[in-house]
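Numbering (our numbering), first residue to last: 5 to 181.
Even for Gly, the Cβ is constructed at its ideal location relative to N, Cα and C.
Nothing here was measured: the structure is a model prediction, and the numbers come from that model.
Take a look at the structure below.
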């Protein structure tokens, strides 16, 4: 990844985190950015965020992001029933994907056990706990077959392994077979 791409990504991701924190959003970062936070460095094309959102929150969030991002309020409102929407940073075209969860126990456990971690030198962000990152990566691998997910899991186990709740991971992954 070139320094320019890294800087553009950082600016786009940080802007979204600033808005989420400023509006008091109930969110966790997951996917590749979370895998890097607990594991090994790698390039990721976007940032994935799980967010609990209602219609009022969606309007407020869209208004807060509209100056720097392409935001579709109708897409946000459609996602309230459980689904995806994204915002795109206008200057860099860097995308942030949002997922509004349904009744998924892994994601609800993730919110209950989220961690505030440094995103950079000046901001903190809410991250899905590493156990939930591993479980969602297992699900993603099962769905896609992409070894990237297994590499992320291996990195998390190597870097964060001693502090992981392995019993929770094993118990929760039994239904994945």
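{"Asked": "Within 8 Å, strictly: CB atoms of residue 53 and residue 31", "Found": "yes"}
{"Asked": "Enclosing beta strand (DSSP E) for residue 55 [first to last residue]", "Found": "51 to 56"}
{"Asked": "Pair within 8 Å by beta-carbon distance, residue 80 and residue 66", "Found": "yes"}
{"Asked": "Backbone CA spacing between residue 88 and residue 103 [nearest angstrom]", "Found": "5 Å"}
{"Asked": "Proximal residues to residue 21 (C-beta, below 7 Å), its chain only, five neighbours per side dropped", "Found": "123, 127 and 129"}
{"Asked": "Of the residues 55, 33 and 132, the one placed nearest residue 106, counting alpha carbons only", "Found": "55"}
{"Asked": "Cβ pair residue 62, residue 84 closer than 8 Å", "Found": "yes"}
{"Asked": "Delimiting residues of the beta strand (DSSP E) encompassing residue 32", "Found": "30 to 34"}
{"Asked": "Cβ separation of residue 27 and residue 68, assumed to be a contact under 8 Å, to the nearest whole Å", "Found": "6 Å"}
{"Asked": "Rounded C-alpha distance that separates residue 70 from residue 24", "Found": "13 Å"}
{"Asked": "Neighbourhood of residue 168 by C-beta distance below 7 Å, restricted to the same chain and skipping five residues each side", "Found": "134 and 135"}
{"Asked": "Alpha-carbon to alpha-carbon, residue 76 and residue 82", "Found": "10 Å"}
{"Asked": "Reduced DSSP category for residue 91 - H, G, I as helix; E, B as strand; rest coil", "Found": "strand"}
{"Asked": "Distance, residue 57 Cα to residue 16 Cα", "Found": "21 Å"}
{"Asked": "Where residue 118 falls, given that 16 or more other Cβ within 10 Å makes a residue buried", "Found": "buried"}
{"Asked": "Closest Cα partner of residue 140 within the set 39, 29, 165 and 19", "Found": "39"}
{"Asked": "C-alpha gap between residue 5 and residue 152, whole angstroms", "Found": "Annotation note: pLDDT 48 at residue 5 (below 50); position unreliable, no value reported."}
{"Asked": "Distance CB(residue 163)-CB(residue 138) smaller than 8 Å", "Found": "no"}
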